[in-house]
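Only one structure is covered here, and it is reproduced in the block below.
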Amino acid sequence: MSESQPPTRSHTGFVPNRVLIVGYSYDAPQIATEVADYLRSKGISSSILDKDPWNEPPGAYSASIIDGARTIAASSDLIIVLGGDGSFLRGTDLAHGADIPLIGINMGHVGFLAELEADHIWDALDRLVEGNFTIEDRMTIDVDVISGDRVRTGSWAINELSLEKASHRGILEATLAIDNRPVSSYACDGMFVSTPTGSTAYAFSAGAPVVWPQMDAMLVMPNNAHGLFTRPLVVSPDSLVTIDVNCGRGLAMAYLDGYRGIRVEHGERILARKGSRPVRMIRLDTSPFADKLVRKFHLPVKGWRDVLRHTAPHKNDPIG
0 MSESQPPTRS
10 HTGFVPNRVL
20 IVGYSYDAPQ
30 IATEVADYLR
40 SKGISSSILD
50 KDPWNEPPGA
60 YSASIIDGAR
70 TIAASSDLII
80 VLGGDGSFLR
90 GTDLAHGADI
100 PLIGINMGHV
110 GFLAELEADH
120 IWDALDRLVE
130 GNFTIEDRMT
140 IDVDVISGDR
150 VRTGSWAINE
160 LSLEKASHRG
170 ILEATLAIDN
180 RPVSSYACDG
190 MFVSTPTGST
200 AYAFSAGAPV
210 VWPQMDAMLV
220 MPNNAHGLFT
230 RPLVVSPDSL
240 VTIDVNCGRG
250 LAMAYLDGYR
260 GIRVEHGERI
270 LARKGSRPVR
280 MIRLDTSPFA
290 DKLVRKFHLP
300 VKGWRDVLRH
310 TAPHKNDPIG
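Read in numbering that gives the first Met the number 0, the sequence shown has 269 at position 270, and its numbers run on one by one without any break.
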């Protein structure tokens with residue numbers, strides 16, 4: 000079990016020599032070329048990943064693209080992701096494996112994981128090439144699937160593990176234990192184990208609390224459980240989360256960050272714990288997380304009386 004340490008933020012000051020640009024959605028391919036030209040003018044080499052290999056049918060073709068991208072990432076100093084949250088999550092796969100930092104420039108919709116919006120891209124590049132940024136470590140979770148007494152396979156996530164029935168028929172029966180002590184059994188659509196970073200993602204939609212990403216913790220909760228005790232649990236980052244899976248004659252799927260899937264069979268066990276390696280996120284924006292929460296989710300920050308005062312019809316306004 001990994002030793003719990005608080006997230007760290009460090010000033011870098013280093014200037015990258017080689018950058019991997021991930022850009023294959025929206026207008027990203029065109030902008031990726033412009034970014035590469037800009038970096039070249041500063042004496043920085045770059046490579047562009049302009050295909051989404053994780054969106055290809057599983058097989059030799061997609062595997063070769065992923066392997067090639069991971070090889071390039073291993074020889075890069077940092078990754079720039081142009082796109083939305085989905086693109087950023089795929090970029091973390093490359094950054095995590097190579098243990099290099101990455102930054103997201105939002106070209107999608109919400110873009111909660113992105114550091115800046117697209118209209119600030121050139122200011123961001125100026126700071127990157129000057130080494131004027133900080134790096135913040137974000138907690139991950141490591142996940143193992145246990146069959147019998149052996150680890151059959153494993154993966155990791157920066158957002159969440161989502162355990163679901165492979166078929167939408169019937170329910171999933173899951174028994175949860177924390178630190179090898181049974182907590183509850185659920186008849187549900189699935190189970191979540193989320194990081195603080197993932198608390199504003201899928202788990203948020205299922206009713207989990209928002210946890211500031213500078214914290215280390217794991218959120219555990221059932222999805223659409225039929226029962227009285229369905230509240231999310233916030234457990235220590237040192238804890239071991241165990242989920243015993245009963246999916247009857249069917250199969251279950253464990254999805255990591257929404258795009259990596261692991262088949263889980265009846266009677267198998269899932270172990271989740273704090274990841275051995277964080278994702279290193281480049282920070283340029285020094286505003287508090289609360290400001291980002293308000294901005295991205297368009298939260299009202301004025302009292303409802305003030306809102307009514309500004310939206311109620313004026314006495315001289317025409318009616319009808």
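Heads up, the beta-carbon is just placed ideally off N, CA and C, and yes, glycines get one too.
Whole-angstrom distance between residue j and residue i, CA atom to CA atom
{"i": "V163", "j": "L127", "result": "The sequence shown places Glu at residue 163, not Val. Cα to Cα, E163 sits roughly 40 Å from L127."}
{"i": "S204", "j": "K295", "result": "15 Å"}
{"i": "K301", "j": "S161", "result": "35 Å"}
{"i": "A186", "j": "L19", "result": "44 Å"}
{"i": "A62", "j": "T285", "result": "38 Å"}
{"i": "R282", "j": "E135", "result": "7 Å"}
{"i": "L227", "j": "V219", "result": "16 Å"}
{"i": "S193", "j": "I140", "result": "8 Å"}
{"i": "D118", "j": "I65", "result": "29 Å"}
{"i": "V14", "j": "C246", "result": "51 Å"}
{"i": "I145", "j": "D290", "result": "41 Å"}
Among the options, the one whose alpha carbon lies nearest that of residue i
{"i": "A31", "options": "K50, F13, A202 and G169", "result": "K50"}
{"i": "P195", "options": "N16, M220, R137 and A68", "result": "R137"}
{"i": "R89", "options": "W155, G274, G247 and V233", "result": "W155"}
{"i": "D178", "options": "C187, V144 and V234", "result": "V234"}
{"i": "T133", "options": "S40, R279, H108 and K301", "result": "R279"}
{"i": "F288", "options": "G226, L38, L112 and G85", "result": "L112"}
{"i": "M190", "options": "R180, A202 and V182", "result": "A202"}
{"i": "I271", "options": "T285, Y258 and Y254", "result": "A small fix is needed here, since residue 271 is Ala in this sequence, not Ile. It is Y254."}
{"i": "M217", "options": "H225, F228 and L232", "result": "L232"}
{"i": "P221", "options": "A207, M214 and G130", "result": "A207"}
{"i": "G274", "options": "S238, V34 and R248", "result": "S238"}
{"i": "A27", "options": "I47, R39, F13 and Y37", "result": "I47"}
{"i": "G85", "options": "I104, H265, R248 and R268", "result": "I104"}
{"i": "D148", "options": "G266, G249, D118 and G67", "result": "G266"}
{"i": "A72", "options": "H167, W53 and L101", "result": "L101"}
{"i": "I99", "options": "D76, L115 and F87", "result": "D76"}
Helix, strand or coil at residue i according to DSSP, with G and I counted as helix
{"i": "S45", "result": "strand"}
{"i": "V14", "result": "coil"}
{"i": "W53", "result": "helix"}
{"i": "S24", "result": "coil"}
{"i": "L101", "result": "strand"}
{"i": "R230", "result": "coil"}
{"i": "G107", "result": "coil"}
{"i": "V128", "result": "helix"}
{"i": "W155", "result": "strand"}
{"i": "V142", "result": "strand"}
{"i": "V240", "result": "strand"}
{"i": "D136", "result": "strand"}
{"i": "S161", "result": "strand"}
{"i": "L77", "result": "strand"}
{"i": "G83", "result": "coil"}
{"i": "L88", "result": "helix"}
Going residue by residue through the segment 242-311, where are the continuous alpha helix (DSSP H) segments of at least 4 residues, counting only ones entirely within it? Taking 4 residues as the shortest admissible run, the segment 242-311 contains the following complete alpha helix (DSSP H) segments, listed from N- to C-terminal end: 288-296 and 303-310.
Any chance the segment 172-182 sits against the segment 240-247, with 3 or more Cβ pairs inside 8 Å? yes
Jot down the residue ranges of each uninterrupted alpha helix (DSSP H) in the segment 163-208, minimum 4 residues, whole runs only, in chain order. 201-204
When you compare the segment 250-265 with the segment 104-118, are there three or more beta-carbon pairs, one atom per stretch, that lie closer than 8 Å? no
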